[in-house]
Structure formats: structure tokens, C-alpha cells
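Asks: Pasting in a structure now, in C-alpha cells, and then I'll have a few things to ask.
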């Protein structure tokens, strides 16, 4: 590593319900991203000409999210015309991948200041809109046996023997933690209200959280993936896991991540860039890791990715104060804690995507900000962020305060 | 003036309308070398025709066109794909493409079955008129032969009907009656009188002189239901592979390739898609699955059904009155199947009440069909009127055939045989529906052992298509022929085997159960064992099916055989018998209908492994490659089938293959348990057997007959 990659700031939009009646449905994805860039500029009185690149994750980069939306956001935010922009897609890890690539750009010494983040308006560009050969091309699909991730999540629960009550209990905790954190103002530093052209607020805080979630309410929800499983996807999964008599479909809308709209932006730079622009570093990226596991069950990558990151950093789980795992599904978080042998007490302490939602391309960078805020609030040092990723991939990033 | 072009009759009338009547050498028109020349030359002639106003294509045969030349296709060797591709592209597709591009309307006048290649010719026409007759069936059955419609059938049907409607036609390969084909959109017009077809076609041309361009060649053409950019289409394509896997377990490449070509058809232009379709067919032709499906599913099935195993020179017979002894599960099913075929049935049991109960089974089956709209109350009454329940032997008087279906007890069978036989009509025959007892021994009490034969039905009789006919040493050709005719009369497929313990089907099937039991005893997870049974393509895993058969039945049969001193003389079921006896003896687990066996059956209809089973046998440290588990379950059955052939229990390879497919549930991709060896490769098979024998036991040694066949450089046929 030539130089350290410092985190100078990390902000996000509130997460809006990703449906027609969601508050952010009227907001274009390009506006979600541009709002954050303008806020970074405003907060730090940033000379945007000093920014080398803007890296944005987006998982459905078609239509109004297509055509390198990162560069479009740069222009729409009226940043200096010298600033470049690139959109990337590593499925659900895109936001964290953007952070990691930005960190690598800085660490290599080839660039000095980069914005990393992501944008996803799931209400406007629905999940799956980008298609892809993996799912939609029968030849590839037959070859790989692609199974919807929810069935992968159900399979993890089946293998581990986690019941509907187990996953619901996890989901309830996520809701209660997120509600408490929001009420206590833990998210206030990072959440930037989305405003209309008159400056009127459209959405000021996360709207997906359901503070009064009870086990009873959760227990009444119907399994989301039983029907899909019955048409043949369960059979495809059991081909890979023939020791299982059947898949126990325990995941519901209540214990799976919510579909939401949102964007995130993390300002990452070298020590020199900070000095030149008079920015105070809040933390630094210690290391990053990415790998892949079985693509059929798809969601078991985070544990191995975290271990890979820890090993590269020469650390053990005991060196990490807080863990942040994207709650794609309850069983993913449970499996992550089991794989690393860590307690829920230090994992997703302010809830996660089950409560707040998972705006696919933006989430990874959001988690970096959320956990950095919490490290500061607790005056702790180190955190590890991980996500499960399409195709069985896993991603992890270790950050520490400086 | 009509003239012949290599088997096509070319006739241009004074109005400029050309009628092409396909009249190829042989009984049917087929897509062979003669056809390819005929069609190419005909199209060239049409292209050069002056004042051409339209073209009608019809047939001089009773079928319109029979499809591909399967004999030729099944002899193509791996490595010859390039030649096949050229033949499909240049020989079949190019002339059809030129035909549909003629600047005049081209109409198919479909006077008989148009299946496969026959329908593909029609799809390259602008309009299809079919004779509205039960003799005309329409469809693209290639998938059932391990192939795909490579003459443009996949691509054109999708452009015509859309992906959603075309996929079932392509993936299921059903033969459709005309009205259904009309509804599906494959036929545009129906004519009631076959001789009016050509005239109707000409009229259509005269009324639609501008209808010469195919919709897919018109500017702005849109595929019905949308192309790949339509979210509904991508949704269909993304779910289809899983739905297919559920049916085929990934064992059949043809429907997978059809899906792939279908996806291309909604993505690229028609000519590119047609070329892609040719590549896929060229690939499929040499796959073992296609060779197996064609060899057994077509040729051997036809040979069995046409009576290859029926003695020649015996006049065809029909049964008018059948007596059935025993109104239990089998007897009542036989009664139903016989009455359904219009035969008078006397259903006898020890009490009238028991016989009535047996008859009630038919009523229940018919009620279900009435519910589904397949039968009427009238049909039901007529069928039930043919079944006479009785407890009186006297009612059997005049039966052409008596079938006993009483318990598998040799004394009981002897008694009912002696009592009933005298009532047979002059020259009538006596059949035993035994699955475990030697026919020769049962025939000993018969006054006319030459008229005694085994007629082995499968349960449930109304659904299972197979009958295994067993000839005792003294059974006459005449008796065999009559049993054979009866099987066909009730629309079953008969195979003929010689008398030997377990005959063919039961003997082979029991090795599947036995190997399942061995895997269990060795410590494998029962769930895994059954999953591997399904993975090789068996309909149900060995432990699950043992529960259905019932451990109790297995135990009883073993007991009988032990008493007779023949236990273990044919096939080795010792492990399965021991496990069944232990389950019953120590734990009272006799099978599903005895309160549970390997599985527990829950009230909600689900089942789970009986937990104690894990305590009895499961070993945590047991690891075995999945490939070995699957091969063990498959090879046991294949080896036993080969032994049956070697010992002369099987009289023909075809009977063995068809019998294993229809009676034992041999996976269709194997083409039956003997055909499997042909495409696996005889030497490869021997090598694999030896490897399995080294690791898992002598029962896997390859039978001598394989080495002999290999030495003779041949295959099993």
C-alpha cells in the first residue's frame, strides 16, 4: 500500500419505501445521487475540481439508471467538469465495492480524492430490470441451476435448523434497534433529507422502519418463496443439497430486506488531499476482501469474506468492535454471526436492512457510514462491514477510526 | 399436365395454381434423402414458373407426412455433427425458406397426420387447411425422441404463436387432434371432406392473392406476446428451466435445447435463429439420450406393440367374457380395465359382498372421470353393467379367459384353479396374476397346463401400461397368443418372458430395493439415498418405494420362497429382506399402509424419515461419492436385466427394454436397462462394473453376456 485511504465523510439519503406510494418514488435516481454530491460540496466547501472520480454502484443500470449514471450525477450536481464518474455492478455489494475500489485508487497512489457510493430507485427501476444471462438465458440457467436468493436464504435456515420463530426473532430485533436508533438521532449526522426544487423536504428520515413490530405480526406473514420453490426451484436446490428432505420456507416480507429507494456517498482520499482541502479524516479503510462461494445457495459468502479480510489485516474477530452485515435475509445475518462466532450484541447494533430496507446498489456504502457513526458514538475503534452478493460472492471491508 | 419430381407429383392447372402432391417411395412421406431432392427441385421449379398464382401442398398417402427418417438419424455417429448441420441447413431448411418466400400464396392441404417434419412443412406455408378427422393428428413430437424440430419448427411456431403458446407444444410434443391444433393456432381452417381439401386451398389462394408473405418476413413484425425485451417473456424464460428440471432432473438434453433455441428465437432475426436451431438439432442427434429414446421409445416399442413376441401363425382372438378370481386391489383393477375394453366380466370372490366391493372400485374410478368431464353417467352405467359380481363359480361358465388374482399363496391358488377351470369355454385359457410364484408350479394342478399362463398386471392396473406375460414350460403358443391378444384388447403393452423366479420385472426391481437397503445399512442418510434414486431418474427413491410396496409384502414373499426352497436362487435381495424383517420384527414397521416404514406419514400428507432409522444405521463419518451411489442403484438393475437376458428369462432385448421402462420405472433417458449399456459403451460398462465390484462387492461383476456381445463387436438389439 503506497498510502492510506481515509474516510472524510459518509452520507446517505433516507430510505424510502420502494413502491409507488413510497416518498421517494417521485424522485429520479439521478437526483438522489446529485443531492448527496451537493451536500458533500456544501458541508466541506469542497473544491470539486480536486475530485478525481465518482464511483457509484447500481444494480439495475438500465433506463434512467443506465448509461453510466455516476457521470450523469456528477454533471447534474454541477460539479467541476473535470470530474469523472463510473458506475459499477457487483450485485448487492455494489455500494461497498465502490468504497473498496475508491480505497484502492487512493491506496495505489494513482488518485487522491474519490467519491464512492451508490444509487438505486427500486420503485422506479424494478429489481431484475437489467435482466442478465444468468437468469434469463435458459442455456446458462440450465447450466448453472440459478435459484432465487430467497430460496437460498430458506435453505440456509433449513441446513442450520433455524425455525420461523428464530428468523422472526432476529427480524424483530432489527426493527426495534433501528427504531430506537432513529428515535435517538443516531442517524442524524449522515442522513441528508431529500428536497424538491423549492427546497421543500420530500423525505427526512427512513420511512420503512416499523417500530411496533411484534412476533405476532411477523408470525402471520406468509412465506415469500414457497410458491416459487414448488414450481421447481426447490428441486434445483435439493440437487445441490441432497441431504435435505425439503426446503423449509421460513422467510417472509417481515424477515427479509425491504425494497426501498436511496443513495449513498462516501468521500475517500489521501492524507495529502485532506491536508490540501482542510478535511478532517474520520477513519481509514484497513483492508477489503471479496470471494465467491456456492452460487446456488448464493448467500453464504459474507463469513468467508470477513475471514479473508481479517486474515489480510492480520486481525482476529476480537480486534473488531462492531460488525455490520447486510440483512438481505434474517438467515444471512444469523449465518454470518455463526460463521464468525460473534454475538448479536456487537452486530448490526442499530438494526439493518430488514428494518430500513436494502437499496441494492447503495447499501454497501450506507453501512460504512452507519457503522462509522456508531464507532464514534461509542468511542470505539474498528468495524467490519460485509454483504452477501449474487452468484455466491461475499464482500468485506474493515475500517478503523483515526 | 402432372409430372413426377423425385416422388412429388407436380400439377399446374390452367389458373396458374400448382398442386404438389407428395407421393414418395414407401408407405409414408418422410424427411429423407428422397424428400430433400424432391423439395429442392420442386421449389426451383416453382421459382421459375411463369404466371404462377399459388401453390397447394398435399399428400397422396393416408398420412400427410410422417416426419424425420429415424433409422438414418439414429445411425449418425458422434463426430458427424458438421455433416448433419449441413444437411439440416442446406437440405431441409433452405428449400422451405425459399418455399415460404415465393411471391404467391402457398397452402398446406393436410389430409392426414402432420407430425414433426410434416408440420414443419406446413409451418413454411402461408395457410393451413386440415381435414377435420380423427385420422389427422398434428404436433411436434421430436422432444419425445430426444430431438427438437430442426426444420424450422421451433422458430416458426414461436413467431406464429408466441413463446407462451408455442413452448408447451414444443416441450411436451403431444399429438393434437385437429380441433385442438386449430385452437392452438397451428391450423387455420378445417374441411369436413378430405377430397375438398385441394379445392378449398385453391379457393383460399384465389380469395387471398396477396397473402404470400409470412408475418415474420413483413416489416414491423412482432412476435405475439412479445420478444426478449418483454418482461413477461423474460419471466417465462427464467422460470422455465426450473420447471423443466422438476420434470426431467436434468437428464434429458432435448427440452433444454428447445428452451435455448426458443430464447434465441425471441432475441435474434429469423434466419439467425433458424441457423441456431440447426446447430442444436445437429448436437442432439448423437446424444445417447436421443439414441436411447429413438431405439427403445420408437423402434422397440413399435416392435413390441406390433407383436414381435407373439407366436406367428396363430389366428387373432378376442376375449368376450373374462372371469376374475379375487376382487382385491388387483382383481378389481383387472375387472375395470377389461370392462373398459368392452369385455363381459365376472368378478368372483368368496362372498358376494367382497365381489361387490371390488366392483365399486370401478364405480369410484368412473365417478372421478365424470367429475373431470371425461366420462358421462351413461358411460359409467354401460361399463358397470358389464361387471357381474358373484361368489358363485357357476357364473364363470363360458369364459374365454379366467384370471386368478387371489393372495400369493400356492395352495389357495391351486384350489381356485381347480375349482374354476372346468367352467372355461372350450379352448379357454387360464391366467395367473402372480408376481412371485413360478408359473410351472402353479400349472401343475391344471387339467390343461398347456392352457395355463402367467398374466402379470401392475398396480394400479387402470394406469400402468404394461403386462408381463409369463410362459410356463408347457404353455402352448396358442395360449401365449391368446394372452397377448387379450393384453392388447385391454390396451396394454405386453412383453413375454419365460418362467423363472421373480420373472423379469419383479426380479430386477427387487435389486433396486436391495441396493437401497445396502446403502442404508452401510450408514448413508436415507434422505440422500432416495435423492440419489431420483437423481438417476427413477420416479421414486428405493426406500420410499419400499414403503409403498410394503416391507410386509417383501417379508411374505421371502417367507414363501424360503418354504419353497428357492429363496435367493435368482437375484440377491438378502440385505433388503433382512432389513424388512428387522423393521417388522423389532419395530412393527411394515410399510406405509401398515402404519409406516422407513418414513413416518403425517396427517398433513407429508412424510419424514422415521427417526429411529438414523439410530439403527446412520453413520456420521460415512462418505460416498454421489456418482457411486447413483451408479450402484442403476447398475444393480442393469446387471440383473442382463442376467435375465443371459438366462433366457427375457426372450428379446426389446421386451427387456420396454418392460423396464413401463413396468419398473427405468428412466427414459436410458432407453431401458439393456439399451443403457449400448450407449454407455460395452467396454466402459464392463470397466465400471469391475470398479464397482472391487469397491462394493461381487454383485457388480459384469455378466458374461456383455463380454460375449463385445467380442462379437455388437450391441444388444
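Residue numbers (the working numbering), protein chains in the order written: chain D, 27 to 428; chain E, 321 to 1037.
Backbone N, C-alpha and C fix where the C-beta goes; we use that ideal spot for every residue, glycine too.
The structure presented is a predicted model; accordingly, all values stated were derived computationally and were not measured.
(1) Provide the residue(s) that pair with residue 168 of chain D in DSSP beta bridges, ordered along the chain.
(2) Is there a C-beta anywhere in chain D that falls below 8 Å from the one on residue 576 of chain E?
(3) Answer with buried or exposed for residue 510 of chain E, where buried requires no fewer than 16 other C-beta atoms within 10 angstroms of its C-beta.
(4) Buried or exposed for residue 536 of chain E, going by 16 or more other Cβ atoms inside 10 Å?
(5) Out of D:330, D:272, D:136, which one is the CA nearest neighbour of residue 927 of chain E?
(6) Within the chosen definition, does the segment 393-405 of chain E reach the segment 339-357 of chain E through at least 3 CB pairs nearer than 8 Å?
(7) Give the list of continuous alpha helix (DSSP H) stretches no shorter than 4 residues that lie fully inside the segment 810-871 of chain E.
(8) For residue 561 of chain E, go through chain D and note every residue whose CB falls closer than 7 Å to its CB, in chain order.
(9) How many Å lie between residue 983 of chain E and residue 936 of chain E at the Cα?
(10) Verify whether the separation of the beta carbon atoms of residue 353 of chain D and residue 200 of chain D is less than 8 Å.
(11) Using a Cβ-Cβ cut-off of 8 Å (strictly less than) and excluding sequence neighbours within five positions of residue 1008 of chain E, which residues of its own chain qualify?
(12) For residue 852 of chain E, decide whether its Cβ has a neighbour in chain D, counting only Cβ atoms nearer than 8 Å.
(13) For the candidate residues E:981, E:1018, E:1026, whose alpha-carbon lies nearest to that of residue 620 of chain E?
(14) For residue 674 of chain E and residue 850 of chain E, I'd like the C-alpha separation in whole angstroms.
(15) Counting only beta-carbon atoms, is residue 259 of chain D nearer than 8 Å to chain E?
(16) Which parts of the segment 287-345 of chain D are runs of the beta strand (DSSP E), unbroken and 3 residues or longer, counting only runs that do not cross its ends?
(17) Decide if the segment 281-301 of chain D is in contact with the segment 27-44 of chain D; the criterion is three or more beta carbon pairs, one per stretch, under 8 Å apart.
(18) For residue 817 of chain E and residue 790 of chain E, which I take to be in contact (beta-carbon distance under 8 Å), what is that distance rounded to the nearest angstrom?
(19) Does the Cβ of residue 549 of chain E have 16 or more other Cβ atoms within 10 Å, making it buried, or fewer, making it exposed?
(20) Starting from residue 479 of chain E, follow the beta strand (DSSP E) in both directions and report where the run begins and ends.
(21) Using the C-alpha atoms, what's the distance from residue 79 of chain D back to residue 139 of chain D?
(22) Out of E:746, E:430, E:949, point me to the one whose CA is closest to residue 516 of chain E's CA.
(23) Is residue 881 of chain E helix, strand or coil by DSSP?
(24) Taking the C-alpha atoms as reference points, what is the distance between residue 345 of chain D and residue 408 of chain D?
(25) Quick one: grab the DSSP three-state call for residue 61 of chain D.
(26) Quick one: residues in its chain with C-beta nearer than 8 Å to the C-beta of residue 307 of chain D, no 5 flanking neighbours on either side, listed in chain order?
(27) Extract the residue ranges of the beta strand (DSSP E) inside the segment 426-452 of chain E, only unbroken runs of 3 or more that lie entirely within it.
(28) Could you work out which residues of chain D lie near residue 847 of chain E, taking near to mean beta carbons separated by less than 8 Å?
(29) Which residue marks the beginning of the alpha helix (DSSP H) containing residue 359 of chain E, and which one marks its end?
(30) Ends of the beta strand (DSSP E) at residue 229 of chain D?
(31) Counting only beta-carbon atoms, is residue 602 of chain E nearer than 8 Å to chain D?
(32) Is it buried or exposed, residue 88 of chain D, if we count other Cβ atoms within 10 angstroms and call 16 or more buried?
(33) Under the rule that 16 or more other beta-carbon atoms within 10 Å means buried, what is residue 367 of chain D, buried or exposed?
(34) In whole angstroms, what separates the C-alpha of residue 545 of chain E from that of residue 856 of chain E?
(35) By the 10 Å Cβ neighbour count, where 16 or more other Cβ atoms means buried, how is residue 105 of chain D classified, buried or exposed?
(36) Are the beta-carbon atoms belonging to residue 275 of chain D and residue 252 of chain D less than 8 Å from one another?
Replies: Here's the rundown:
(1) In DSSP, residue 168 of chain D forms no bridge with anything.
(2) yes
(3) buried
(4) buried
(5) D:272
(6) no
(7) 825-842, 846-855, 862-869
(8) 164, 167, 168
(9) 32 Å
(10) yes
(11) 951, 955, 1000
(12) yes
(13) E:981
(14) 37 Å
(15) yes
(16) 309-318
(17) yes
(18) 6 Å
(19) exposed
(20) Looking at the DSSP string, residue 479 of chain E is not in any beta strand (DSSP E); the run it does join, the alpha helix (DSSP H), is 473-481.
(21) 7 Å
(22) E:430
(23) helix
(24) 7 Å
(25) helix
(26) 32, 33, 34, 297, 300, 428
(27) 426-430, 447-451
(28) 268, 269, 270, 271
(29) 353-367
(30) 227-229
(31) no
(32) exposed
(33) exposed
(34) 37 Å
(35) buried
(36) yes
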